[in-house]
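A.B. asks: Handing you a structure now.
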Amino acid sequence: MKEMGQPIFLGVSTTFLAILPLAFSASQAFRVFFQMFFGIVVAGGSHGLIFLPVCMSVFGPSVTKTTNLETDAEAAVGKVANVETK
Numbered sequence: 002m003k004e005m006g007q008p009i010f011l012g013v014s015t016t017f018l019a020i021l022p023l024a025f026s027a028s029q030a031f032r033v034f035f036q037m038f039f040g041i042v043v044a045g046g047s048h049g050l051i052f053l054p055v056c057m058s059v060f061g062p063s064v065t066k067t068t069n070l071e072t073d074a075e076a077a078v079g080k081v082a083n084v085e086t087k
């Protein structure tokens, strides 16, 4: 969330600012397009900022697996360093 929260929020907000003039259009077609686009942007932003991070925290990899991967990587680097020094 630290790395992806800001880009998602900026994408949603700039897209909203870009389509905001359509809301004040005299044409009914442009207002309907604004409503549809606004709904899509809100749905996408809420999935990116709320729904998917929650799902990833519940169903994502456990902390112990990440720790094991880090220790495996450190062990592999140590083995390579030992081979190079011989």
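Using our numbering, the first residue of the sequence shown is number 2, and each one after it goes up by one. All C-beta atoms, glycine included, are put in the ideal place defined by N, C-alpha and C.
1) According to DSSP, is Ala27 helix, strand or coil?
2) Measure the alpha-carbon distance for Leu21 versus Phe35 and round it to whole angstroms.
3) Is Gly46 near Gly12, with beta carbons less than 9 Å apart?
4) Alpha carbon to alpha carbon, how far is Gly40 from Cys56?
5) If you drop the 5 nearest sequence neighbours on each side, which residues of the same chain put their C-beta closer than 6 Å to that of Met2?
6) Looking at the structure shown, is Ser58 part of a helix, part of a strand, or coil, going by DSSP?
7) With DSSP as the reference, label Ser47 as helix, strand or coil.
C.D. replies: So, from the listed chains and residues:
1) coil
2) 7 Å
3) yes
4) 22 Å
5) Taken in chain order, the residues that qualify are Pro54.
6) helix
7) helix
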